[in-house]
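Undergrad: Here's a structure for you.
Chains as they are written, first to last, in full-length UniProt numbering: chain H, 1 to 241; chain F, 1 to 499.
See below:
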């Protein structure tokens, strides 16, 4: 655990010392703020209801783009600069490296989402907001982010090229974000049910409306575990080679 | 550490475990509803109704498969809610899902049962096609059956299911009388109210004449009379109340003539009669800073543009008393209402039910409407004026709301939807007075609105820009601070005295 935390801290510090992370957070907050408050078609004042749904709707898409950009360098850069060999000579396991890197990106997302709390405070001050569904909305965003982070780290673990890692993470993400849902409509029976189940939007929307269902939690936990384990195996395989 | 040969077994094992857990999770699951009003949890009302069921309830859900994901989600949600009903009723509720698109006979059966055919865009073999789809259910208890023709995404399934079950389990529906003969709204002009009442009652129009027998009603409603009401008709209602009957009144004490730009008092004799019963409807117009808008035409250069402007005579009300009648209501919208006050004595129990906001006022008649006026907050010095109230004396109850049009849909070309909670208020009041509060909670659960407070444009702009800029400023501030700190450390390291 200590090793994981050391890696997490180092990576998180790295984020806060890099211009790239600031640019991405500013873009995330800019898009979220613009579509939640300023864009006169679906913003808070246009729909005139005390709800955070406009934000949860836009954050679902911005995080989907934002996360692969954050995770692309996580392991790919270590391969490219050769620091991964250095790291593996230390008394840390592959799992600890992967988990440490996962946690650092996750904490960065937590910080980004904390910065959107003024939205919540403002809406709550001008209308009877449903606090329960706001907190589950944030939970949904965190779970979705964690799932994409683990997939992003996996993409970063199989290539030393950051752009390839970014595109790969985005392509895997597109399946969960859009394609599984669309392909599901072309199938019926078990295949259709399976593809519908894989669609992340269904699970995300279920949580953001205010209901925490064990099925959704297990779905997200499964994606996160699969991503992290695949990343670990990718490192293991590289070492074995 | 792994050996190369072990790797593939490890991968297969992990995938197998994860698939197994997910399969088990779809069978054994729990749901925690964190919404304030427990929107997605079966309510006490449903539980009470289900406990009273002695016969098996069979639900046949006709849901097309292979549609867009939101419809798959709808099917899953419906399945989940039926699972909750089944566990609540000790498996008295049994259900099956049928895909009518699979077989022509099944489709025929669905259509015959009254399931609505909807056309949905789908993508098949690289082509966009319009697909026939079904999303409804047939509920059967013994010989009786009820159909939910179409469940749309976002609809309140619990309300639809429970009301359908309740409809079939009510032994005999009671009648509710709607007084007519003085220019009142007809039942056909109040679709939303009659739909709500249909579950438990048979609404019927009744004319007050010497031979009329009101004793079969527990509650009668008097919606928006236009003409002066003769004394003898009021005496018949007096006698009905004396026998323990209840009365719901929606009354216009003032009338707005928008084409003349004026508002006047309106006399029907009902107001004066109600004053004797303990509720005085004032001759004034209630105005609220939280209000609806009217569209006005304005000339801008050579163009004429339609612009919505706030019109305080259309109050949006979200202040309700803690009372079964107003339980769960979100917001009502009235048009040209008046304020109410208590005019009774200590033998009566007066309960105000619906109030204006903290920034409201009244204008005595006659009123000249100034559409162009820029309203300031200082124009609304009053607060929480009652616009609906109940008075109880002896065994009877009277509920009055000071807007006769609040639940009228109209007819022909002038048909309109009223705010769902306006109709819910009328139905809830009749339910409450008829001693059947069972569906009150469910009905309002369907349409919980959470409107924003009315704030002026300047504050709105401030909120918009602060929320847009503040988070960005904070993160930029953190970045600049860390950058400066790093610079200082670097400078320190460059210093001669640094060791």
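In this text, a Cβ means the ideal position worked out from N, Cα and C, and glycines have one as well. Here the structure is a predicted model, which is why all the values come from computation and not from measurement.
#1: Check whether chain F comes within 8 Å of residue 222 of chain H, counting only Cβ atoms and requiring the distance to be less than that.
#2: Classify residue 51 of chain H as buried or exposed, calling it buried when 16 or more other Cβ atoms lie within 10 Å of its own Cβ.
#3: Is DSSP giving residue 392 of chain F helix, strand or coil here?
#4: Across the stretch 73–89 of chain H and the stretch 158–168 of chain H, are there enough close Cβ pairs to call them in contact, namely three or more that are closer than 8 Å?
#5: If you measure from the beta carbon of residue 25 of chain F to each beta carbon in chain H, is any gap under 8 Å?
#6: Could you tell me which uninterrupted alpha helix (DSSP H) segments, each at least 4 residues in length, are contained entirely in the stretch 1–27 of chain F, listed from first to last along the chain?
#7: For chain F, check one thing: does any of its Cβ atoms lie closer than 8 Å to the Cβ of residue 135 of chain H?
#8: Using a Cβ-Cβ distance under 8 Å, would residue 132 of chain H count as near chain F?
#9: Based on the DSSP output, what are the partners of residue 257 of chain F in its beta bridges?
#10: Rounded to the nearest angstrom, what separates residue 169 of chain F and residue 194 of chain F at their Cα positions?
#11: Do we get a CB-CB distance below 8 Å when we pair residue 215 of chain H with the residues of chain F?
#12: Tell me, which residues are paired with residue 44 of chain F by DSSP?
#13: Taking 8 Å as the CB-CB cut-off, is residue 115 of chain H touching chain F?
#14: Taking 8 Å as the threshold (beta carbon to beta carbon), is residue 16 of chain F in contact with chain H?
#15: So residue 37 of chain H contacts chain F; which residues on that side make the cut at Cβ distance below 7 Å?
#16: Going by other Cβ atoms of all chains shown within 10 Å of its Cβ, with 16 needed for buried, is residue 303 of chain F buried or exposed?
#17: With a threshold of 8 Å between beta carbons, is residue 139 of chain F in contact with chain H?
#18: Quick one: grab the DSSP three-state call for residue 219 of chain F.
#19: When you compare only the Cα positions, how much space is there between residue 424 of chain F and residue 159 of chain F?
#20: If the criterion is Cβ atoms closer than 8 Å, does the pair residue 399 of chain F and residue 339 of chain F meet it?
#21: Nearest-angstrom Cα distance between residue 88 of chain F and residue 82 of chain F?
#22: Let's test the definition: count the other Cβ atoms within 10 Å of the Cβ of residue 230 of chain F and tell me whether it reaches 16, buried, or not, exposed.
#23: Across which residues does DSSP place residue 357 of chain F in a beta bridge pair?
#24: So residue 46 of chain F and residue 130 of chain F are supposed to be a Cβ contact under 8 Å. How far apart are they, rounded?
#25: Along the alpha helix (DSSP H) that carries residue 467 of chain F, what are the first and last residues, could you check?
#26: Whose CA, out of H/187, H/143, H/119 and H/233, lies closest to the CA of residue 43 of chain H?
#27: Going by other Cβ atoms of all chains shown within 10 Å of its Cβ, with 16 needed for buried, is residue 46 of chain H buried or exposed?
#28: State the DSSP-derived secondary structure class of residue 33 of chain H, mapped to helix, strand or coil.
#29: Okay, do the stretch 55–74 of chain H and the stretch 143–154 of chain H touch, 3+ Cβ pairs below 8 Å being the bar?
#30: Can you give me the C-alpha to C-alpha distance between residue 228 of chain F and residue 185 of chain F, rounded to a whole angstrom?
#31: Using a Cβ-Cβ cutoff of 7 Å, what residues of the stretch 41–58 of chain H are near chain F? List them in chain order.
#32: Ends of the beta strand (DSSP E) at residue 203 of chain F?
#33: Have a look at residue 232 of chain F and residue 275 of chain F and give me their C-alpha separation to the nearest angstrom.
#34: Please report the distance separating the alpha-carbon of residue 167 of chain H from that of residue 179 of chain H.
#35: Please report how far the alpha carbon of residue 206 of chain F lies from the alpha carbon of residue 132 of chain H, in whole angstroms.
TA: Here's the rundown:
#1: Within the first chain, numbered from 1, the residue matching residue 222 of chain H stands at position 222. True, the Cβ-Cβ gap to chain F drops below 8 Å.
#2: Translated into positions along the first chain, residue 51 of chain H becomes position 51. Result: buried.
#3: Position 392 of the second chain, counted from the first residue, corresponds to residue 392 of chain F. DSSP places residue 392 of chain F in strand when its eight states are reduced to three.
#4: yes
#5: Sequence index remark: in the second chain, residue 25 of chain F carries index 25 (1-based). By this cut-off, residue 25 of chain F is an interface position.
#6: 4–27
#7: Here residue 135 of chain H is taken as the residue at index 135 of the first chain, counted from 1. With 8 Å as the cut-off, residue 135 of chain H counts as an interface residue toward chain F.
#8: For this step, residue 132 of chain H is matched to residue 132 along the first chain. Answer yes: the Cβ-Cβ gap between residue 132 of chain H and chain F drops below 8 Å somewhere.
#9: Within the second chain, residue 257 of chain F is the residue found at index 257, counting from 1. The partner list for residue 257 of chain F (beta bridge, DSSP) reads F/262.
#10: Within the second chain, numbered from 1, the residue matching residue 169 of chain F stands at position 169. Within the second chain, numbered from 1, the residue matching residue 194 of chain F stands at position 194. Each residue's Cα considered, the two are about 19 Å apart.
#11: In the first chain, counting from the first residue as 1, residue 215 of chain H sits at position 215. Chain F contact via Cβ: present.
#12: Position 44 of the second chain holds residue 44 of chain F. Answer is none; residue 44 of chain F lacks a bridge partner.
#13: The residue labelled residue 115 of chain H in the question sits at position 115 within the first chain. Closer than 8 Å to some Cβ of chain F, the Cβ of residue 115 of chain H qualifies, so yes.
#14: Locating residue 16 of chain F in the second chain gives position 16, where the first residue counts as 1. Not one chain H Cβ lies under 8 Å of residue 16 of chain F.
#15: Indexing the first chain from 1 puts residue 37 of chain H at position 37. Correct list: 464, 467 and 468.
#16: The residue labelled residue 303 of chain F in the question sits at position 303 within the second chain. Under this definition residue 303 of chain F is an exposed residue.
#17: Taking the second chain and counting its residues from 1, one reaches residue 139 of chain F at position 139. Not closer than 8 Å to any Cβ of chain H, the Cβ of residue 139 of chain F fails to qualify, so no.
#18: In the second chain, counting from the first residue as 1, residue 219 of chain F sits at position 219. The answer is strand: DSSP assigns residue 219 of chain F an E or B state.
#19: Walking along the second chain from the start, residue 424 of chain F turns up at place 424. Walking along the second chain from the start, residue 159 of chain F turns up at place 159. For residue 424 of chain F and residue 159 of chain F, the distance between alpha carbons rounds to 13 Å.
#20: If you number the second chain from 1, residue 399 of chain F lands on position 399. If you number the second chain from 1, residue 339 of chain F lands on position 339. No, Cβ-Cβ distance for residue 399 of chain F and residue 339 of chain F is not below 8 Å.
#21: Here residue 88 of chain F refers to the residue found at position 88 when the second chain is read from its first residue. Here residue 82 of chain F refers to the residue found at position 82 when the second chain is read from its first residue. Rounded to whole angstroms, residue 88 of chain F to residue 82 of chain F spans 10 Å at the Cα level.
#22: Within the second chain, residue 230 of chain F is the residue found at index 230, counting from 1. By the 10 Å Cβ count, residue 230 of chain F comes out exposed.
#23: Walking along the second chain from the start, residue 357 of chain F turns up at place 357. Residue 357 of chain F pairs with nothing; no bridge assigned.
#24: On the second chain, residue 46 of chain F is found 46 positions in, with the first residue counted as 1. On the second chain, residue 130 of chain F is found 130 positions in, with the first residue counted as 1. Residue 46 of chain F to residue 130 of chain F, Cβ: 36 Å. No contact.
#25: Taking the second chain and counting its residues from 1, the one referred to as residue 467 of chain F is at position 467. From DSSP, the alpha helix (DSSP H) with residue 467 of chain F extends over 457–494.
#26: Walking along the first chain from the start, residue 43 of chain H turns up at place 43. The option with the nearest alpha carbon to residue 43 of chain H is H/119.
#27: Taking the first residue of the first chain as 1, we reach residue 46 of chain H at position 46. Result: exposed.
#28: Taking the first chain and counting its residues from 1, one reaches residue 33 of chain H at position 33. If DSSP states are grouped into helix, strand and coil, residue 33 of chain H belongs with the helices.
#29: yes
#30: Translated into the one-based positions of the second chain, residue 228 of chain F becomes position 228. Translated into the one-based positions of the second chain, residue 185 of chain F becomes position 185. Using only the alpha carbons, I get a separation of about 15 Å.
#31: 45, 48, 49, 50 and 51
#32: Against the second chain, residue 203 of chain F aligns to sequence position 203. Here the beta strand (DSSP E) through residue 203 of chain F covers 201–207.
#33: To locate residue 232 of chain F, count along the second chain from 1; it is residue 232. To locate residue 275 of chain F, count along the second chain from 1; it is residue 275. Distance between the alpha carbons of residue 232 of chain F and residue 275 of chain F: 17 Å.
#34: For the purposes of this step, residue 167 of chain H is taken as the residue at position 167 of the first chain. For the purposes of this step, residue 179 of chain H is taken as the residue at position 179 of the first chain. Spanning the two alpha carbons is a distance of roughly 16 Å.
#35: Taking the second chain and counting its residues from 1, one reaches residue 206 of chain F at position 206. Taking the first chain and counting its residues from 1, one reaches residue 132 of chain H at position 132. Roughly 47 Å between the two C-alpha positions.
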